[in-house]
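So the working numbering is basically just the index in the sequence shown, starting at one, shifted up by 21.
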Amino acid sequence: MSALSQQTIAPRDDSRTRRGLYIPLHLRLACFYTLLLIGIFAFFGIYVYQQARQQAYQELDNALSTRAASIQLGKDLSPSYMSSEGTKYPLLLPGDNGIGIGGISIEILSTKLQLLATTTGALEGGTTISHQSAPAPWDEKAAQTALRGHGCHESAVASACLFSTITYKGWAIRVYTLFNGNPYPTPHIIQTARSTDDIEQSLAHLRQLILEVALLALLLALIGGWLIARGVLGAVHRLTLAAQTISTSSDFSKRVYLPNAPWRTRDELSVLSETFNQMLTNLEEAYLRQQRFVADASHELRAPITSIRCNLDLLNKAPDLPGEEISAALTDTQAEAERLGRLVNDLLTLAHADSTQQLLREAPLTLYHTRIDLDSLLLDTLRLFRHRSEQTSIYPRLLLQHTEPVQIYGDADQLKQVLVALVDNAFKYTPPEGTITLSLRSQEHRQACIVISDTGIGIPAEDLPHVFERFYRADPARSRDRGGSGLGLAIVKRIVENHRGNIQVESTPGAGSNFKLCFPSAAEKA
Numbered sequence: 022m023s024a025l026s027q028q029t030i031a032p033r034d035d036s037r038t039r040r041g042l043y044i045p046l047h048l049r050l051a052c053f054y055t056l057l058l059i060g061i062f063a064f065f066g067i068y069v070y071q072q073a074r075q076q077a078y079q080e081l082d083n084a085l086s087t088r089a090a091s092i093q094l095g096k097d098l099s100p101s102y103m104s105s106e107g108t109k110y111p112l113l114l115p116g117d118n119g120i121g122i123g124g125i126s127i128e129i130l131s132t133k134l135q136l137l138a139t140t141t142g143a144l145e146g147g148t149t150i151s152h153q154s155a156p157a158p159w160d161e162k163a164a165q166t167a168l169r170g171h172g173c174h175e176s177a178v179a180s181a182c183l184f185s186t187i188t189y190k191g192w193a194i195r196v197y198t199l200f201n202g203n204p205y206p207t208p209h210i211i212q213t214a215r216s217t218d219d220i221e222q223s224l225a226h227l228r229q230l231i232l233e234v235a236l237l238a239l240l241l242a243l244i245g246g247w248l249i250a251r252g253v254l255g256a257v258h259r260l261t262l263a264a265q266t267i268s269t270s271s272d273f274s275k276r277v278y279l280p281n282a283p284w285r286t287r288d289e290l291s292v293l294s295e296t297f298n299q300m301l302t303n304l305e306e307a308y309l310r311q312q313r314f315v316a317d318a319s320h321e322l323r324a325p326i327t328s329i330r331c332n333l334d335l336l337n338k339a340p341d342l343p344g345e346e347i348s349a350a351l352t353d354t355q356a357e358a359e360r361l362g363r364l365v366n367d368l369l370t371l372a373h374a375d376s377t378q379q380l381l382r383e384a385p386l387t388l389y390h391t392r393i394d395l396d397s398l399l400l401d402t403l404r405l406f407r408h409r410s411e412q413t414s415i416y417p418r419l420l421l422q423h424t425e426p427v428q429i430y431g432d433a434d435q436l437k438q439v440l441v442a443l444v445d446n447a448f449k450y451t452p453p454e455g456t457i458t459l460s461l462r463s464q465e466h467r468q469a470c471i472v473i474s475d476t477g478i479g480i481p482a483e484d485l486p487h488v489f490e491r492f493y494r495a496d497p498a499r500s501r502d503r504g505g506s507g508l509g510l511a512i513v514k515r516i517v518e519n520h521r522g523n524i525q526v527e528s529t530p531g532a533g534s535n536f537k538l539c540f541p542s543a544a545e546k547a
């Protein structure tokens with residue numbers, strides 16, 4: 022293969038091979054805690070075993086040293102007794118026989134390591150060790166060390182004396198060596214010995230018990246941890262399946278419910294499930310609003326576009342129309358184009374308000390930091406519509422009922438857009454003989470409230486909860502024939518909420534409506 026062809030080969034995708042082996046989380050948790058328990062059991066098992074071994078050998082050493090210290094030879098080992106009685110060494114000492122379990126063998130040696138006295142030794146199982154077959158001394162090296170003065174004497178502390186362990190006929194023998202040169206005419210060495218088989222058997226049983234208990238505990242921990250982790254993560258698995266199903270089907274009506282059980286109480290998983298279900302409810306509402314908004318926006322945009330297209334087709338296909346019809350078609354086209362422009366502007370304004378609200382969620386109280394005079398904005402709005410109120414034959418009267426100086430934080434242009442939209446809305450739905458009043462007051466809790474009241478046609482009670490929804494029209498009177506896009510009040514509500522305010526509406530059909538806007542005053546933020 023040429024170098025050129027080698028360069029054109031695409032590299033193999035190893036993403037799947039890099040993913041690694043999939044291990045369920047509940048199994049990993051169970052294994053983790055099992056390994057943790059293994060470490061704990063190993064540490065404490067070794068600690069308990071070492072303490073038991075040290076205690077057993079310490080008791081054995083104490084028994085050997087006590088037995089050696091209790092030897093009293095008296096005149097039996099004196100030279101005069103040997104010569105008169107013809108006593109020959111070694112003498113047999115009374116006491117415990119043997120080096121098996123419970124037995125202690127004693128040897129008394131001269132400074133030349135000659136056996137002076139001993140007990141009859143017997144191994145466990147009936148095997149006898151006579152003084153002829155037993156080693157004399159038990160530990161020659163320890164005896165020579167004691168003779169050189171490196172051992173300990175009778176008055177010394179037992180733990181500081183010579184203790185050694187030898188192997189004799191397959192037995193592990195613990196030996197204690199004591200040099201005694203004061204009480205007797207002849208200095209001598211005392212060695213006591215005992216088998217450690219019983220200690221090793223006890224320690225072996227202890228090791229087996231620790232191992233069995235540890236294995237049982239680890240098995241129970243592994244099974245219990247796996248079951249508990251699986252039960253706990255079952256809810257997470259249901260949340261995952263629900264999220265995957267919703268992602269595939271875009272069906273936000275699904276919910277996650279934990280299985281009912283008598284032992285189940287309100288815990289973090291139930292809170293997680295409730296939070297997830299609440300999130301699904303919010304997503305479902307947002308999704309439905311988005312669908313409804315897209316449908317309504319498409320419908321609202323289609324109407325003026327269709328009207329403009331029909332008029333243009335008419336002018337194109339019938340160039341010999343009378344001048345009046347051509348003028349009417351152009352006028353209608355211009356009106357629909359203007360209405361389409363207003364609708365597009367309202368959509369852009371609403372989109373900007375939505376993005377502003379998202380910024381406020383991420384960084385609250387940082388977007389608006391400019392003080393504005395709310396009373397000045399209200400007076401500017403009054404001056405803007407004063408020319409209408411002077412035409413009493415076609416417009417209602419506009420009155421300023423009350424005002425006082427109040428400052429808030431916000432955007433002056435957006436707030437003026439809110440006031441203009443509400444006052445213009447009041448002019449649309451109030452008859453010429455009616456009245457529109459404006460007022461601004463400071464209320465408790467440092468709230469600045471503007472009230473816009475009219476004596477117009479009002480809003481039915483069943484429509485009040487929906488007047489701030491996008492493209493919602495309460496009745497045929499509030500139709501596109503009045504020039505509205507159905508987005509005005511939605512824009513007003515969004516801008517008010519972005520300024521940390523709230524808007525309320527009260528209305529009585531045939532009597533009028535009251536829109537109340539409340540904002541936190543600038544003193545509260547300062």
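Even for Gly, the Cβ is constructed at its ideal location relative to N, Cα and C.
Should residue i be labelled buried (16 or more other beta-carbon atoms within 10 Å of its own) or exposed?
{"i": "R323", "result": "exposed"}
{"i": "F53", "result": "exposed"}
{"i": "R404", "result": "exposed"}
{"i": "Q435", "result": "buried"}
{"i": "Y68", "result": "exposed"}
{"i": "I194", "result": "buried"}
{"i": "E306", "result": "exposed"}
{"i": "L301", "result": "buried"}
{"i": "Y450", "result": "buried"}
{"i": "A543", "result": "buried"}
{"i": "P158", "result": "buried"}
{"i": "R515", "result": "buried"}
{"i": "R88", "result": "buried"}
{"i": "G554", "result": "Coverage of the chain is limited to positions 22 through 547, which leaves residue 554 absent and any answer about it impossible."}
{"i": "R215", "result": "buried"}
In its own chain, which residues sit with a C-beta less than 8 Å from the C-beta of residue i, not counting the 5 before and 5 after it?
{"i": "G66", "result": "I231, L232 and A235"}
{"i": "T402", "result": "K437, L440, V441, V444 and L459"}
{"i": "L260", "result": "V277, L293, S294 and F297"}
Contact defined as beta carbons within less than 8 Å: I believe residue i pairs with residue j. What is the distance between those atoms, to the nearest angstrom?
{"i": "R491", "j": "F314", "result": "5 Å"}
{"i": "I92", "j": "I127", "result": "7 Å"}
{"i": "A77", "j": "L224", "result": "7 Å"}
{"i": "R418", "j": "I457", "result": "7 Å"}
Quick check: the Cα distance between residue i and residue j, rounded to an integer number of angstroms?
{"i": "A238", "j": "I211", "result": "49 Å"}
{"i": "F200", "j": "I220", "result": "27 Å"}
{"i": "R360", "j": "P325", "result": "7 Å"}
{"i": "L399", "j": "R409", "result": "16 Å"}
{"i": "V196", "j": "Q79", "result": "13 Å"}
{"i": "K537", "j": "Y308", "result": "30 Å"}
{"i": "F297", "j": "H258", "result": "13 Å"}
{"i": "P111", "j": "D160", "result": "17 Å"}
{"i": "I471", "j": "A358", "result": "34 Å"}
{"i": "A90", "j": "I59", "result": "46 Å"}
{"i": "V365", "j": "L342", "result": "32 Å"}
{"i": "H373", "j": "H520", "result": "14 Å"}
{"i": "A482", "j": "S534", "result": "11 Å"}
{"i": "P156", "j": "T139", "result": "11 Å"}
{"i": "L130", "j": "L241", "result": "58 Å"}
{"i": "S270", "j": "L262", "result": "12 Å"}
{"i": "T55", "j": "R228", "result": "20 Å"}
{"i": "E527", "j": "T327", "result": "37 Å"}
{"i": "L213", "j": "L183", "result": "The amino acid at residue 213 is misidentified as Leu; the sequence shows Thr. When rounded, the distance between both Cα atoms is 11 Å."}
{"i": "Q299", "j": "K275", "result": "11 Å"}
{"i": "A339", "j": "I347", "result": "10 Å"}
{"i": "V513", "j": "L333", "result": "35 Å"}
Which one or two residues does DSSP pair with residue i in a beta bridge?
{"i": "Y430", "result": "R392"}
{"i": "C470", "result": "R462 and C539"}
{"i": "R418", "result": "T456"}
{"i": "Y78", "result": "In DSSP, Y78 forms no bridge with anything."}
{"i": "W192", "result": "Y189"}
{"i": "T139", "result": "L113 and E128"}
{"i": "T213", "result": "I127 and Y197"}
{"i": "G533", "result": "T529"}
{"i": "L508", "result": "Per DSSP, none; premise fails for L508."}
{"i": "L183", "result": "T198"}
Within a Cβ cutoff of 7 Å, which residues of the same chain sit near residue i, ignoring the five residues on either side of it in sequence?
{"i": "L50", "result": "G246 and A250"}
{"i": "N446", "result": "G509"}
{"i": "S414", "result": "P453"}
{"i": "E487", "result": "Note that residue 487 corresponds to His in the displayed sequence, not to Glu. Y493."}
By Cβ distance, which residues of its chain are closer than 6 Å to residue i, with the 5 residues on each side in sequence left out?
{"i": "E106", "result": "Because E106 sits at a pLDDT of 47, beneath the cut-off of 50, its placement in the model cannot be relied upon, and the point is left open."}
{"i": "G531", "result": "G479"}
Flag residue i as yes when its Cβ comes closer than 7 Å to any non-hydrogen atom of the ligand FAD, and as no otherwise.
{"i": "V439", "result": "This structure simply doesn't include the ligand FAD, nor any ligand for that matter."}
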